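Notes for the one structure printed next.
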Amino acid sequence: VIIDYSAPNIAKRFGIGHLRSTIIGQAIYNLHRYLGYEVIGDNHLGDWGTQFGKLLYMIDREKPGELSLDLLEELYIRYHQQAESDKGLEEEARKWFRKLEEGDAIARELWKKCVDVSMGEFNRIYKLLGVRIDESYGESFYENKMGEVIEEAKAKGIARQSEGAWVIETPGIDAPLMLVKSDGGTTYATRDLATLKFRQKKWQPKKIIYEVGGEQTLYFRQVFAAARLLGYADKETELVHTRHGLYLSAGGKKFSTRKGDSIKLEEVLEEAIERARKLGNTDQAAVVGIGAVKYFDLMHQVQSDIVFDWEKIMNLEGNSGPYIQYTFARTQSVMGKVQNFSYNELSLYEGQLHPEEETIIRWVYKFSEVVEESAGRYAPNLLANFLYELAQRYNTFYNKHSILTPQGGTEAELQRIRLFRLLLTEATGQVLKNGLNLLGIQAPERM
Numbered sequence: 001v002i003i004d005y006s007a008p009n010i011a012k013r014f015g016i017g018h019l020r021s022t023i024i025g026q027a028i029y030n031l032h033r034y035l036g037y038e039v040i041g042d043n044h045l046g047d048w049g050t051q052f053g054k055l056l057y058m059i060d061r062e063k064p065g066e067l068s069l070d071l072l073e074e075l076y077i078r079y080h081q082q083a084e085s086d087k088g089l090e091e092e093a094r095k096w097f098r099k100l101e102e103g104d105a106i107a108r109e110l111w112k113k114c115v116d117v118s119m120g121e122f123n124r125i126y127k128l129l130g131v132r133i134d135e136s137y138g139e140s141f142y143e144n145k146m147g148e149v150i151e152e153a154k155a156k157g158i159a160r161q162s163e164g165a166w167v168i169e170t171p172g173i174d175a176p177l178m179l180v181k182s183d184g185g186t187t188y189a190t191r192d193l194a195t196l197k198f199r200q201k202k203w204q205p206k207k208i209i210y211e212v213g214g215e216q217t218l219y220f221r222q223v224f225a226a227a228r229l230l231g232y233a234d235k236e237t238e239l240v241h242t243r244h245g246l247y248l249s250a251g252g253k254k255f256s257t258r259k260g261d262s263i264k265l266e267e268v269l270e271e272a273i274e275r276a277r278k279l280g281n282t283d284q285a286a287v288v289g290i291g292a293v294k295y296f297d298l299m300h301q302v303q304s305d306i307v308f309d310w311e312k313i314m315n316l317e318g319n320s321g322p323y324i325q326y327t328f329a330r331t332q333s334v335m336g337k338v339q340n341f342s343y344n345e346l347s348l349y350e351g352q353l354h355p356e357e358e359t360i361i362r363w364v365y366k367f368s369e370v371v372e373e374s375a376g377r378y379a380p381n382l383l384a385n386f387l388y389e390l391a392q393r394y395n396t397f398y399n400k401h402s403i404l405t406p407q408g409g410t411e412a413e414l415q416r417i418r419l420f421r422l423l424l425t426e427a428t429g430q431v432l433k434n435g436l437n438l439l440g441i442q443a444p445e446r447m
């Protein structure tokens, strides 16, 4: 199984919107690996395309000196602001991208600087998030592989000319897929088809999962259909687009880098850590804060849009990452108070089960089933909400029944009850920890 996820754009800061693909993709990766699949994660970096024409034009014109990601993003925003009134800038950008494609030394040098600056920042964010992706074959890797795709599409009669461009018409889809622009430039589709061909040859996958925003639904239908026509995906190879929703502002609007109103992910993570520290989690502020942000995302249905809400993210009593982490820490606190005990004494528990005990047994038993369903439906939210419900059930049990000092029975009976409740506590803790780890969230033993 290949999972294509994260894929940030070079020369742009990691925005809050990039969080979704990164952590949903990582969770889907973890779930499949847990179930025994051979999984390869591929970070298809956005390091090629016409946007670099815009950026290289601005760098050449402004000659800013040492580059930083903030500066690159500022130049990109300024380009779009100026292009609204100066239509000639679009032609300048096309010229610079053609230079890049043709191997112009200056264009290549400037582009390489943009990539290096960006990757330094991205790797810092990945480290903060605890994300590690196996491969990073960016779009530029396929630069010398696109010509072959274009020629094969023409030779097989799959591509046709339309107003100077080359397009592929796919069965059942009205809109054609643009393969080559009228000015001879390549497109996202050219690169994605080259990517599919490469992946099929290198890994022979049974399934390729694209964790990309829902705005690209039609596009991926076109690419998948074109790949079938070209023979780049075997009949046995399943192609899946998981279609995540957007992060929206409090007013329900989409964030945009072009307009300069995007939220930087690093600032969100730093704010989360600071809020966790104010809640009293001084030692575990990063684990709790970043876990809270990740859980808030993963608890939602993948396809749904999300309005960012700090109150819900850091809530210690509702459906939140800190609540589940706190419950895990509670189980560890209970177990830490017990020394030198053995479950061997509890070969068969014959006592009367209380409803709170029975529900924990049923919920713990469901874990494997929920993991399989979450993986099969590409829906980490199913696992996230299962963990919340288990945490709720354990806390109800904890508040109603004494674990270490049960009452009402002989010493032998009370010892069996004590051991049984410790077993429930240990099992709950193990499931909460396993589940959080599958979501890419750490489980602190103390909070």
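With full-length UniProt numbering, the residue at position 200 of the sequence shown is 200, and numbering never jumps. The C-beta atom is built at its ideal place from N, Cα and C for all residues, glycine as well. Please read all numbers here as calculations on a predicted model, not as lab measurements.
message = Please classify Asp174 as buried or exposed, where buried requires at least 16 other C-beta atoms within 10 Å of its C-beta.
response = So Asp174 ends up on the exposed side.
_Sub-8 angstroms separation of Thr190 and Leu179 beta-carbons_ = Cβ distance < 8 angstroms, so Thr190 and Leu179 count as in contact.
message = How far does the beta strand (DSSP E) with residue 466 in it extend, from its first residue to its last?
response = Here the chain has residues from 1 to 447 only, and residue 466 is not among them.
Buried or exposed (CB count within 10 angstroms, at least 16 for buried), Arg416 = With 16 or more other Cβ atoms within 10 Å, it is buried.
Should the region 44 to 58 be regarded as contacting the region 94 to 104, the criterion being three or more beta carbon pairs within less than 8 angstroms? A contact is defined here as three or more CB-CB pairs under 8 angstroms, and the region 44 to 58 meets this definition with respect to the region 94 to 104.
*Use the C-beta contact count for Arg124: other C-beta atoms within 10 angstroms, 16 or more gives buried, fewer gives exposed.*
Arg124 comes out exposed.
Does the region 128 to 135 touch the region 146 to 164, meaning 3 or more C-beta pairs lie closer than 8 angstroms? No, they do not touch.
* Alpha carbon to alpha carbon, what distance is there between Gln332 and Glu356? -> Each residue's CA atom was taken as its position, placing Glu356 and Gln332 some 19 angstroms apart.
Inset, instruction - Would you be able to state if there are at least three C-beta pairs under 8 angstroms between the region 378 to 386 and the region 292 to 312? - result: Taking a cut-off of 8 angstroms on C-beta distances, the region 292 to 312 touches the region 378 to 386, as three or more cross pairs fall below it.
Q. Looking at the unbroken alpha helix (DSSP H) that takes in Arg243, where does it start and where does it end?
A. Run containing Arg243: none; DSSP gives neither H nor E here.
Rounded separation between Val167 and Leu229 - CA only: Straight through space, the alpha carbons of Leu229 and Val167 are spaced by roughly 13 angstroms.
**Ser162 (DSSP reduced to helix, strand or coil)** = Per DSSP, reduced to three states, the secondary structure at Ser162 is strand.
Delimiting residues of the beta strand (DSSP E) encompassing Met178: Leu177 to Val180 is the span of the beta strand (DSSP E), which, as asked, contains Met178.
**Report entry** Residues near residue 499 by beta carbon distance below 8 angstroms, same chain, minus five either side
**Finding:** Because the chain in this structure spans residues 1 to 447, residue 499 falls outside the shown range and cannot be described.
Just list the residues that DSSP pairs Lys202 with in beta bridges.
For Lys202, which the question treats as bridged, DSSP gives no partner whatsoever.
Margin query: Between Ile3 and Gly41, how many whole angstroms is the CB-CB distance? I'm expecting something under 8 angstroms.
Written below: Yes, they are in contact, since the Cβ atoms of Ile3 and Gly41 sit about 5 angstroms apart, within 8 angstroms.
Cβ contact check for the region 207 to 220 and the region 72 to 82: 3 or more pairs under 8 angstroms: No: the two stretches stay apart, fewer than three of their Cβ pairs being nearer than 8 angstroms.
Checklist line | Close beta carbons around Asn9, own chain, < 6 angstroms, minus the five adjacent residues each side | finding: These residues qualify, in order along the chain: Gly46.
Tell me the residue span of the beta strand (DSSP E) that contains Lys207. For Lys207, the enclosing beta strand (DSSP E) begins and ends at Lys207 to Tyr210.
**Q.** Cutoff 6 angstroms; reference Ile306; Cβ partners in own chain excluding five residues on either side
**A.** Counting only Cβ-Cβ distances below 6 angstroms, and skipping sequence neighbours, we find Tyr247 and His300.
(request) Spell out the partners DSSP gives Thr186 in its beta bridges. (result) Partner(s): Val180.
In angstroms, rounded to a whole number, what distance separates the CA positions of Arg275 and Gly429?
A straight line joining the alpha-carbon of Arg275 with that of Gly429 spans about 25 angstroms.
- In terms of residues, what are the limits of the beta strand (DSSP E) holding Ile3? Element bounds for Ile3: Ile2 to Asp4.
Next item on the list: Starting from Pro355, follow the alpha helix (DSSP H) in both directions and report where the run begins and ends.
Entry: Note, Pro355: alpha helix (DSSP H), Pro355 to Tyr365.
**Asked** Mind checking Leu218: buried by the 16 CB within 10 Å criterion, or exposed?
**Response** Label assigned to Leu218: exposed.
Whole-number beta carbon distance between Met58 and Tyr79, since they are thought to touch under 8 angstroms: Met58 and Tyr79 do touch by the CB rule: their CB atoms are close to 5 angstroms apart, below 8 angstroms.
Would DSSP call Val338 helix, strand or coil?
In the structure shown, the three-state DSSP call for Val338 is coil.
Backbone CA spacing between Ile324 and Glu169 [nearest angstrom]
Distance from the CA atom of Ile324 to the CA atom of Glu169, rounded to whole angstroms, is 49 angstroms.
- request: Using the Cα positions of Arg61 and Ala7, report the straight-line distance between them to the nearest angstrom.
  value: Those two C-alpha atoms are separated by around 28 angstroms.
- request: Work out the CA separation of Lys202 and Ala233 for me, nearest whole Å.
  value: Answer to the nearest angstrom: the Cα atoms are 12 angstroms apart.
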